[in-house]
Each structure stands twice: as C-alpha cells, then as structure tokens.
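Residue numbers (my numbering), protein chains in the order written: chain L, 4 to 136; chain P, 4 to 136; chain V, 758 to 838; chain B, 758 to 838.
Accompanying notes for the structure given below.
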Amino acid sequence: MECRMKKQLTITTETINETDLIATRTMSVGMGAVVSFLGVVRGIEEGKAISAIDYEAFEKMAQHQFNLLFEEMAKRWPIESVRLVHRIGVVKINEPSLWVEIVTPHRGEAFAACQWLIDEMKRVVPIWKKTID
Amino acid sequence: MECRMKKQLTITTETINETDLIATRTMSVGMGAVVSFLGVVRGIEEGKAISAIDYEAFEKMAQHQFNLLFEEMAKRWPIESVRLVHRIGVVKINEPSLWVEIVTPHRGEAFAACQWLIDEMKRVVPIWKKTID
Amino acid sequence: MLVTVHFYSYFRELTGCGEINETLHSGDTLGVLHDQLMARFPRLVTMRKSTLLAVGVEYQTRDYVLRDGDEVSLFPPVQGG
Amino acid sequence: MLVTVHFYSYFRELTGCGEINETLHSGDTLGVLHDQLMARFPRLVTMRKSTLLAVGVEYQTRDYVLRDGDEVSLFPPVQGG
Chain L
4 MECRMKKQLT
14 ITTETINETD
24 LIATRTMSVG
34 MGAVVSFLGV
44 VRGIEEGKAI
54 SAIDYEAFEK
64 MAQHQFNLLF
74 EEMAKRWPIE
84 SVRLVHRIGV
94 VKINEPSLWV
104 EIVTPHRGEA
114 FAACQWLIDE
124 MKRVVPIWKK
134 TID
Chain P
4 MECRMKKQLT
14 ITTETINETD
24 LIATRTMSVG
34 MGAVVSFLGV
44 VRGIEEGKAI
54 SAIDYEAFEK
64 MAQHQFNLLF
74 EEMAKRWPIE
84 SVRLVHRIGV
94 VKINEPSLWV
104 EIVTPHRGEA
114 FAACQWLIDE
124 MKRVVPIWKK
134 TID
Chain V
758 MLVTVHFYSY
768 FRELTGCGEI
778 NETLHSGDTL
788 GVLHDQLMAR
798 FPRLVTMRKS
808 TLLAVGVEYQ
818 TRDYVLRDGD
828 EVSLFPPVQG
838 G
Chain B
758 MLVTVHFYSY
768 FRELTGCGEI
778 NETLHSGDTL
788 GVLHDQLMAR
798 FPRLVTMRKS
808 TLLAVGVEYQ
818 TRDYVLRDGD
828 EVSLFPPVQG
838 G
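As structure tokens, then:
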C-alpha cells in the first residue's frame with residue numbers, strides 16, 4: 004500500500020481553489036471515503052481583530068518534513084491519496100490558508116489520518132504566522 | 004449559539020454536486036475550520052463486486068431524526084453551519100451517496116462534530132442499503 | 758382500535774407487504790403489536806432482537822401504549838451513508 | 758570550521774539578521790553553537806527552551822556534532838495551518 008499512495012504537496016503564494024482541487028481528484032473503485040479540511044484565516048486572533056496573517060516558511064525543510072509525515076501516514080493507514088496545499092505570504096481574513104484531502108476505503112481511517120497530519124504539521128513543519136492588524 | 008446554527012438537509016435522488024455545494028457555502032469572520040466528508044459507493048461490498056447501491060429512506064422520519072441530531076450538535080459544539088446531503092435511490096459505484104460539511108471556529112470541534120453526526124446517522128436515521136450486482 | 762403498520766427495507770421482503778392495518782385492544786402496547794405481527798409473519802421472528810420500532814417519526818420501546826390511528830413502523834437496523 | 762546559521766520568523770526579529778556565518782572548533786556540537794549564539798544575541802536567551810534546531814532539513818538535538826559547511830537553522834515553535 005505504502006508505495007502506491009499518491010502524495011501531492013503544494014506550498015504556494017496563490018489563492019487556494021477548492022473547485023479546481025476537487026475537479027482533479029482521482030479515486031479508484033475500492034475507495035469509499037474522502038475527508039477534506041479547509042483552514043481559514045479568522046478575523047480575530049487572541050481576542051484582537053486582525054486583517055490578515057503573513058505566513059513564512061523555511062520551504063525546503065517544510066517540504067521535507069511534510070514528506071516524512073506522508074511516509075509515516077502510508078505506513079499507518081490504507082490511504083490511496085493525500086493532497087495538501089499550504090498558502091504562504093499574506094492571507095487575508097476569510098481566505099483559506101490550508102487545504103488537506105485524504106482518500107481511503109473507509110471513513111475512520113480518513114478522519115484519523117487527516118487529523119494526525121494537521122496535528123503533526125503544527126509540531127514539525129517550519130511554517131510561522133505573523134498577524135497583520 | 005444553538006439557535007443561530009445554520010442547518011441544511013437534502014435527501015435527494017439527484018447527483019451530489021460538490022462544486023455547487025462549495026459555491027453556496029457561507030462563513031462568517033470568526034470561523035476558521037471547514038471539515039467535509041464525502042461517502043462514495045465502493046465497487047466491492049463484503050468481498051463481492053457490485054455495480055450500485057439502492058438506498059431506501061423512510062423520508063419523513065429520516066428528516067426528523069437528522070433534525071434531532073442537528074439540535075444535539077448545536078448544544079455540543081460551537082457550529083456555525085452543518086450541511087448534509089444524502090442521496091437515495093440507485094447510486095452507482097464511484098458516485099457519492101453522502102456529503103457532510105461542518106463549519107466551526109476551530110478544527111477540533113469540526114472533526115468531532117462531523118464524525119459524531121455520521122456515527123449517529125448510522126444508528127438512528129432510517130435509511131437502508133441494498134446492493135445491486 | 759386500528760393502527761397502520763409500515764414495513765421498511767428487508768422487513769418488507771420478509772412480510773411481503775409495505776403496509777397493513779392491524780386491530781388491537783385499547784391499551785395495547787407496541788410490544789403486543791410486535792408479538793401479534795410475529796405471529797402473523799413468522800419470518801419476522803428471526804429479526805426479533807434487531808427490530809426497530811417507531812410511532813410516527815419517533816423511536817419507541819415495546820412498553821409504549823398505542824392509540825387508535827397510530828402510524829407504526831417496523832424496520833431492521835439502519836445503514837445510511 | 759565555518760557554519761552558516763539561518764534565523765527564521767521571530768528569531769530573525771530577535772537577532773536582527775536572517776543569516777550569519779559562525780566560526781567553531783572542530784568537533785563542536787549544535788549545543789556549543791547555540792550557546793555561542795546566545796552570547797552574541799542575548800535576546801535569544803529568553804527563547805532558549807523553545808528553540809528548534811535543524812541542520813539542513815532535519816531536526817537535530819544539542820549533542821549533534823557539526824561539520825564544516827553545515828547549514829544550521831534556529832527557529833521558534835512552528836505554527837502552520
């Protein structure tokens with residue numbers, strides 16, 4: 004299963020386009036579950052109104068660390084596809100900064116893998132936020 | 004929070020169109036997380052190849068039971084919006100039968116609520132499957 | 758008194774019908790009705806423990822007291838999704 | 758020997774620079790380098806316990822032995838998403 008897992012990572016300054024991402028999804032006949040997460044910049048951080056978040060990445064290391072997480076996921080769950088888009092640079096409030104999609108045979112593993120990936124990302128992937136008033 | 008939760012339930016024989024559903028999403032400035040689930044008919048059920056699943060609903064009761072679940076969700080989590088589409092009738096393999104979307108301030112509650120809703124649906128909402136060879 | 762009984766999914770196949778009217782005594786419970794239906798449709802007996810009972814759009818237990826005109830539904834475990 | 762040190766995010770603000778070269782003795786560890794940097798940039802001391810250390814694209818601990826030409830990165834806890 005591991006070597007066949009489709010991994011697609013995009014770290015980009017461009018807007019995240021969910022419609023395009025959905026249009027390019029492929030799913031084989033044994034797959035029954037797609038879990039997606041969209042993280043959106045909120046207008047309030049720590050009780051204070053903001054206008055945007057500026058995301059900074061140590062990009063080469065971020066890509067490497069994401070790939071290590073993907074490899075670990077392939078060992079833990081029967082995932083057919085993991086796709087992740089992280090926006091960097093200035094992201095205005097109400098705009099998405101993160102999109103994750105997991106395709107698996109059953110829903111339990113898709114939910115588990117999606118949550119694990121986001122939790123681990125926030126632990127090891129070198130991306131930082133700076134709020135803009 | 005409870006009375007303001009947006010609830011949208013669709014039980015339909017029509018194809019589920021994710022793109023349209025995404026285009027009609029609304030999200031206020033305090034919301035940071037969108038978790039979506041798509042359940043797709045697999046080509047194999049209990050080890051045997053199938054061509055479709057025929058979904059039957061006791062529709063009036065299904066709507067009522069879904070609404071009871073939505074009310075319970077509004078009490079448990081700070082959800083801004085829950086939308087659910089369940090297809091009934093014949094759904095071919097590789098086509099979606101269920102789409103669920105939860106919008107909340109933070110991701111933890113969106114994942115928890117989405118999984119809870121699907122688990123509870125499979126316990127109390129009168130919809131049944133019949134595989135078609 | 759008279760109640761209407763609806764069978765869904767596999768139960769419609771077991772009984773061979775989707776809907777019947779059933780005569781009961783005043784004060785009879787859902788359990789009495791269920792027993793009466795299993796006597797009439799013996800194939801329901803194998804599903805006895807997995808039978809879900811509803812009156813109108815609410816689940817009810819076997820001790821629920823029925824009233825004239827109630828719409829009762831019997832069905833196997835649900836499996837949406 | 759010479760290593761290159763990169764500061765990211767808040768650490769770039771604390772030190773006022775994104776990249777410096779640092780001279781070390783052969784066999785010096787990442788911990789020695791970190792101490793040397795805290796001596797040069799005292800504002801790093803407050804973040805001592807929350808400092809993440811990497812060589813190239815891998816996390817390393819303070820006992821990691823550096824080599825000439827290593828690309829070292831120091832940064833605060835990450836917070837993507």
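Idealized CB from N, CA, C, for every residue including glycine.
| CB contact check: Arg-79 of chain P to chain L, cutoff 7 angstroms | no
| Per-residue burial, Glu-5 of chain L [other beta carbons within 10 Å of its own, 16 or more giving buried] | Summary for Glu-5 of chain L: the model assigns pLDDT 45, below 50, so the residue's position carries little reliability, and this model does not support an answer.
| Who are the Cβ neighbours of Pro-99 of chain L in its own chain at under 6 angstroms, not counting the five residues just before and after it? | Ile-19, Leu-41, Val-43
| Any Cβ of chain V within less than 7 angstroms of the Cβ of Phe-114 of chain P? | no
| query | By Cβ distance, which residues of its chain are closer than 8 angstroms to Ala-65 of chain P, with the 5 residues on each side in sequence left out? | reply | Ile-14, His-89, Val-128, Pro-129, Ile-130
| said: Contact defined as beta carbons within less than 8 angstroms: I believe Val-93 of chain L pairs with Ala-55 of chain L. What is the distance between those atoms, to the nearest angstrom? | reply: 5 angstroms
| field | Of the residues L:Thr-22, L:Met-76, L:Tyr-58, L:Glu-62, the one placed nearest Glu-112 of chain L, counting alpha carbons only | value | L:Met-76
| field | Outcome for Asp-827 of chain V when other beta-carbon atoms lying within 10 angstroms are tallied against a minimum of 16 | value | buried
| Run of the beta strand (DSSP E) containing Val-37 of chain P, from where it starts to where it stops | 36–43
| said: Counting only Cβ pairs nearer than 7 angstroms, list the residues of chain L close to Leu-41 of chain P. | reply: Val-37
| request: Flag Val-762 of chain V as yes if its beta-carbon sits less than 7 angstroms from any beta-carbon of chain P, otherwise no. | output: no
| field | Leu-24 of chain L - containing alpha helix (DSSP H), residue span | value | 21–26
| field | Supposed contact pair Arg-819 of chain V and Leu-787 of chain V - C-beta distance, whole angstroms, cut 8 angstroms | value | 5 angstroms
| field | Residue of L:Gln-11, L:Val-37, L:Val-32 minimising C-alpha distance to Arg-110 of chain L | value | L:Val-37
| task | Please report the residue range of the beta strand (DSSP E) in which Phe-768 of chain B lies. | result | From DSSP, Phe-768 of chain B is part of no beta strand (DSSP E) but of the alpha helix (DSSP H) over 767–772.
| Contact between the segment 796–807 of chain V and the segment 765–785 of chain V (3+ Cβ pairs under 8 angstroms) | yes
| message | Among B:Tyr-816, B:Leu-809, B:Val-814, whose alpha-carbon lies nearest the alpha-carbon of Val-766 of chain B? | response | It should be pointed out that residue 766 of chain B corresponds to Ser in this sequence rather than to Val. Out of B:Tyr-816, B:Leu-809, B:Val-814, B:Leu-809 has the C-alpha closest to the C-alpha of Ser-766 of chain B.
| field | Close-in-space but distant-in-sequence residues of the same chain around Trp-80 of chain L (CB under 6 angstroms, 5 per side omitted) | value | Glu-112, Ala-116
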